[in-house]
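Engineer: Below is a structure I'd like to ask you about.
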Amino acid sequence: MLSKHPSLIKMFSSFFIIIFIFYVFLDGDFYYIKHPLSIIIYILLLIIIILSYYIDNIIINEKIYFINKNKNNFIYSKKIKKIDHGFDGILELDNKIPKWWKQIFLTTIVMSTLYFFSFLFTNFANQQFEYKIAYKNQLKKIKEYETKKPQANIDTVKFDKKFINDGKKLFNENCATCHNVDGGGNIGPNLTDDYWINHTEKTLIKNIFYIIWNGSKNNKVMRAFGASGEIKGNDIEKLSSYIYFINKKKKKPNNPKSPEGDKINFY
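Residue numbers (our numbering): 6 to 272.
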């Protein structure tokens, strides 16, 4: 059976399938996909595909010529296979499966076999390996970002409204267990009143930053998030801005914890 698809379409379809296979096995790394050696391989593959289809067309044309020349002896004497359904009276011609369908089917078998053994014996499509690579790349990007953008410290910290939303998320993740979600205090002190167990700085925002960075000398439960490297300076600045915000709010928690420490009038 002759294919109904033009050779040009089949050639380029085959070529792009091969490019896609390269993309999959190179894990989408465009450095290797665009490498000059890879481009040379693409060109050679395209030439081979064009030649193979050109030769295939020559062979098909020769077959057609042979059949036309010998049609009296070949076509009309050839028995056509038929399948009789019997129960419904339908007579079905037993045509051969199209060549393109067989090619696609064989391609899926080859691809699945390559994928299976690649997964077993290499790191290809290994989720744990991909996670480790992604994690290392993420750490590298974080390090580059921190190099370009210096972290906040006790001298540079300042309150900024744009930090409040991010600070709230960080507070819920790191501080809400001890200080409650509304900052009213739990096992940790109330952060919304004017009483402070630790007061080392002259301004409220700096005092909050100092405590989160260094921990509390008077309350060992409060650990040093910044000094230990658990939270970076810029995130502590966001946290400090949020705590400053809830401390200065007129609306206070419904059931705040009793005051602890000394009453300090920060500015």
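Here a beta-carbon is modelled for each residue, glycine too, at the ideal position from N, C-alpha and C.
1. Taking one C-beta from the stretch 165-172 and one from the stretch 232-248 each time, how about it: are there three or more such pairs within less than 8 Å?
2. Tell me which same chain residues have a C-beta within less than 8 Å of the C-beta of T112, skipping the five on either side of it?
3. Quick check on DSSP: helix, strand or coil for D267?
4. Taking just the CA atoms, how far does F17 sit from Y47?
5. Does DSSP put L98 in a helix, a strand or coil?
6. Out of G231, I95, K15, which has the shortest C-alpha to C-alpha gap to N62?
7. Let me make sure I understand the geometry here. Which of V186, N179, N131 has the alpha-carbon closest to that of F230?
8. Here's a check: name, in chain order, each residue in its chain whose Cβ is nearer than 7 Å to the Cβ of Y215, leaving out the five neighbours to either side.
9. When you compare the CB of L125 with every CB in chain D, is at least one pair closer than 9 Å?
10. Please report the distance separating the alpha-carbon of S82 from that of E67.
11. Check whether the Cβ atoms of G193 and N224 lie closer than 9 Å to each other.
12. Leaving out five residues before and five after E226 in sequence, what residues of the same chain have Cβ atoms less than 8 Å from its Cβ?
13. Measure how close the beta-carbons of I213 and Y249 come, nearest whole angstrom, since I'm counting them as under 8 Å.
14. Could you check which residue in H40, I109, N259 has the C-alpha nearest to that of D187?
15. Going by the DSSP bridge assignment, what does W106 pair with across the sheet?
16. Runs of 4 residues minimum, wholly inside the stretch 137-192: which ones carry the alpha helix (DSSP H) assignment?
17. Please tell me whether K254 and T197 are closer than 9 Å, where the distance is taken between their beta carbons.
18. I'd like to confirm the pairing. Which residues does DSSP put opposite W218 in its beta bridges?
19. Per DSSP, what are the beta-bridge partners of Y200 in this structure?
20. Assign M16 to one of three DSSP states: helix, strand, or coil.
21. Measuring alpha carbon to alpha carbon, tell me which residue in F121, K154, F164 is nearest T208.
22. Please determine, among I251, I64, K262, I44, the residue with the shortest C-alpha to C-alpha distance to F176.
23. Do G234 and A157 count as a contact pair if the criterion is CB distance below 9 Å?
24. So, for E151: in the same chain, excluding its five sequence neighbours on each side, which residues have a beta-carbon less than 8 Å away from its beta-carbon?
25. Hey, which unbroken runs of the alpha helix (DSSP H) at 4 residues or more fall wholly within the stretch 205-259?
Structural biologist: By the coordinates alone:
1. yes
2. In the sequence shown, the residue the question calls residue 112 occupies position 107. Around T112: I22.
3. Along the sequence shown, one-based indexing puts residue 267 at 262. Here DSSP, grouped into helix, strand and coil, assigns D267 to strand.
4. Translated into positions along the sequence shown, residue 47 becomes position 42. Translated into positions along the sequence shown, residue 17 becomes position 12. Near 12 Å, if we compare the C-alpha coordinates of F17 and Y47.
5. Translated into the one-based positions of the sequence shown, residue 98 becomes position 93. Strand, per DSSP.
6. In the sequence shown, residue 62 corresponds to position 57, counting from 1. Of the candidates G231, I95, K15, the one whose C-alpha sits nearest the C-alpha of N62 is K15.
7. Against the sequence shown, residue 230 aligns to sequence position 225. Checking every option, the nearest Cα to that of F230 belongs to N179.
8. As a first step, residue 215 must be located in the sequence shown, where it is residue number 210. Correct list, in chain order: I159, T205, E206.
9. Here chain D cannot be found, since the structure has a single protein chain.
10. In the sequence shown, the residue the question calls residue 82 occupies position 77. In the sequence shown, the residue the question calls residue 67 occupies position 62. Note that S82 has pLDDT 43, beneath the 50 cutoff, so the model's placement of it is unreliable and the number below is only indicative. Spanning the two alpha carbons is a distance of roughly 20 Å.
11. Position 188 of the sequence shown, counting from 1, holds the residue named residue 193. Position 219 of the sequence shown, counting from 1, holds the residue named residue 224. The answer is yes: Cβ separation under 9 Å.
12. Your numbering for residue 226 matches position 221 in the sequence shown. Before going on, a small fix: residue 226 reads as Val here, not Glu. Here the set comprises C183, I192, G193.
13. Against the sequence shown, residue 213 aligns to sequence position 208. Against the sequence shown, residue 249 aligns to sequence position 244. Rounded, the Cβ-Cβ distance is 6 Å, consistent with contact.
14. The residue given as residue 187 occupies position 182 in the sequence shown. Nearest option by C-alpha distance: N259.
15. Indexing the sequence shown from 1 puts residue 106 at position 101. The partner list for W106 (beta bridge, DSSP) is empty, contrary to what the question assumes.
16. 169-179, 181-184
17. Within the sequence shown, the letter at position 249 stands for residue 254. Within the sequence shown, the letter at position 192 stands for residue 197. Contact: yes.
18. Here residue 218 refers to the residue found at position 213 when the sequence shown is read from its first residue. Paired residues: none, contrary to the question.
19. On the sequence shown, residue 200 is found 195 positions in, with the first residue counted as 1. Bridge partners of Y200: K268.
20. On the sequence shown, residue 16 is found 11 positions in, with the first residue counted as 1. DSSP places M16 in helix when its eight states are reduced to three.
21. Stepping through the sequence shown from its first residue, residue 208 is reached at position 203. Answer by Cα proximity: F164.
22. One-based indexing of the sequence shown puts residue 176 at position 171. Of the candidates I251, I64, K262, I44, the one whose C-alpha sits nearest the C-alpha of F176 is I251.
23. Here residue 157 refers to the residue found at position 152 when the sequence shown is read from its first residue. Here residue 234 refers to the residue found at position 229 when the sequence shown is read from its first residue. No; because the gap between Cβ atoms is not below 9 Å, this pair is not in contact.
24. Taking the sequence shown and counting its residues from 1, one reaches residue 151 at position 146. Taken in chain order, the residues that qualify are K237.
25. 209-219, 238-253
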